[in-house]
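Heads up: the structure comes next, in structure tokens.
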Amino acid sequence: MQMLPLLSEERPCLWRKSLAASSSRNLWQKSCGKLTRRWTLAETYFFDTYALLEIVDGNPAYLKYAPANQVINEFVYAELCYKLLRTAHPLASTVLSQCSTLVRQSPPRVVKKAMHFRVKNKRQKLSIPDCVGYTLARELGILFLTGDKEFKNLPGVEFVKA
84 MQMLPLLSEE RPCLWRKSLA ASSSRNLWQK SCGKLTRRWT LAETYFFDTY ALLEIVDGNP
144 AYLKYAPANQ VINEFVYAEL CYKLLRTAHP LASTVLSQCS TLVRQSPPRV VKKAMHFRVK
204 NKRQKLSIPD CVGYTLAREL GILFLTGDKE FKNLPGVEFV KA
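Residue numbers (this note's numbering): 84 to 245.
Written as structure tokens, this is what we have:
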């Protein structure tokens with residue numbers, strides 16, 4: 084697993100800018116320790132788009148996950164691009180640049196498996212990016228970090244209510 088580039092010693096902390104004006108900064112530092120801490124496989128999460136946006140916006144419920152190893156796929160990256168560019172977010176360029184290093188490609192077998200999962204759970208109206216992300220996280224043996232209530236009771240999910 085790669086070390087989180089957003090908080091490495093070589094690169095500045097992306098989240099620091101969004102936390103600068105936030106009163107939750109001290110809380111985050113107390114719960115996370117050093118900004119340059121290295122994390123283990125057990126502290127690796129697949130971040131859905133919602134989780135990433137909550138961190139960028141400084142939500143204290145999600146800030147404790149910012150230092151963990153982060154994995155996203157091309158679907159989440161596309162959603163993140165769209166949402167940040169649509170709202171003209173001031174950190175869009177920085178966030179997208181740094182998140183591009185976190186992308187893991189979803190093999191066709193994972194996409195197919197994800198679509199089986201989506202069909203099986205069609206009444207819950209799950210999005211394609213969420214289904215592919217959840218399935219990829221399960222394949223990688225890591226937790227899927229989300230605030231999406233449809234995933235709340237599924238195995239392998241770290242659900243955080245915002």
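All residues carry an ideal CB built from backbone N, CA and C; glycine is no exception. Keep in mind it's a predicted model, so treat the numbers as computed, not measured.
Rounded to a whole number of angstroms, what is the C-alpha to C-alpha distance between residue i and residue j?
{"i": "G216", "j": "L168", "result": "21 Å"}
{"i": "P143", "j": "L209", "result": "26 Å"}
{"i": "V202", "j": "K147", "result": "33 Å"}
{"i": "A245", "j": "R192", "result": "32 Å"}
{"i": "F129", "j": "L226", "result": "6 Å"}
{"i": "Q207", "j": "F200", "result": "11 Å"}
{"i": "T127", "j": "A151", "result": "6 Å"}
{"i": "A197", "j": "L179", "result": "25 Å"}
{"i": "K232", "j": "V194", "result": "22 Å"}
{"i": "R187", "j": "F242", "result": "21 Å"}
{"i": "T218", "j": "L163", "result": "19 Å"}
{"i": "P173", "j": "C214", "result": "29 Å"}
{"i": "Y145", "j": "L223", "result": "22 Å"}
{"i": "N204", "j": "K235", "result": "14 Å"}
Measuring CB to CB, does residue i end up less than 8 Å from residue j?
{"i": "A171", "j": "G230", "result": "no"}
{"i": "L237", "j": "D131", "result": "no"}
{"i": "K166", "j": "L185", "result": "no"}
Apply the 10 Å Cβ neighbour rule to residue i and answer buried if 16 or more other Cβ atoms are within range, or exposed otherwise.
{"i": "S183", "result": "exposed"}
{"i": "G141", "result": "buried"}
{"i": "R221", "result": "buried"}
{"i": "P190", "result": "exposed"}
{"i": "I155", "result": "buried"}
{"i": "E157", "result": "exposed"}
{"i": "A161", "result": "exposed"}
Hey, residue i and residue j are a contact pair by Cβ (cut 8 Å); roughly how many whole angstroms apart?
{"i": "V139", "j": "P212", "result": "With a Cβ gap of about 17 Å, V139 and P212 do not count as contacting."}
For the segment 176–243, which segments carrying the beta strand (DSSP E) assignment without a break, of at least 3 residues, lie completely within its bounds, in sequence order?
226–229, 240–242
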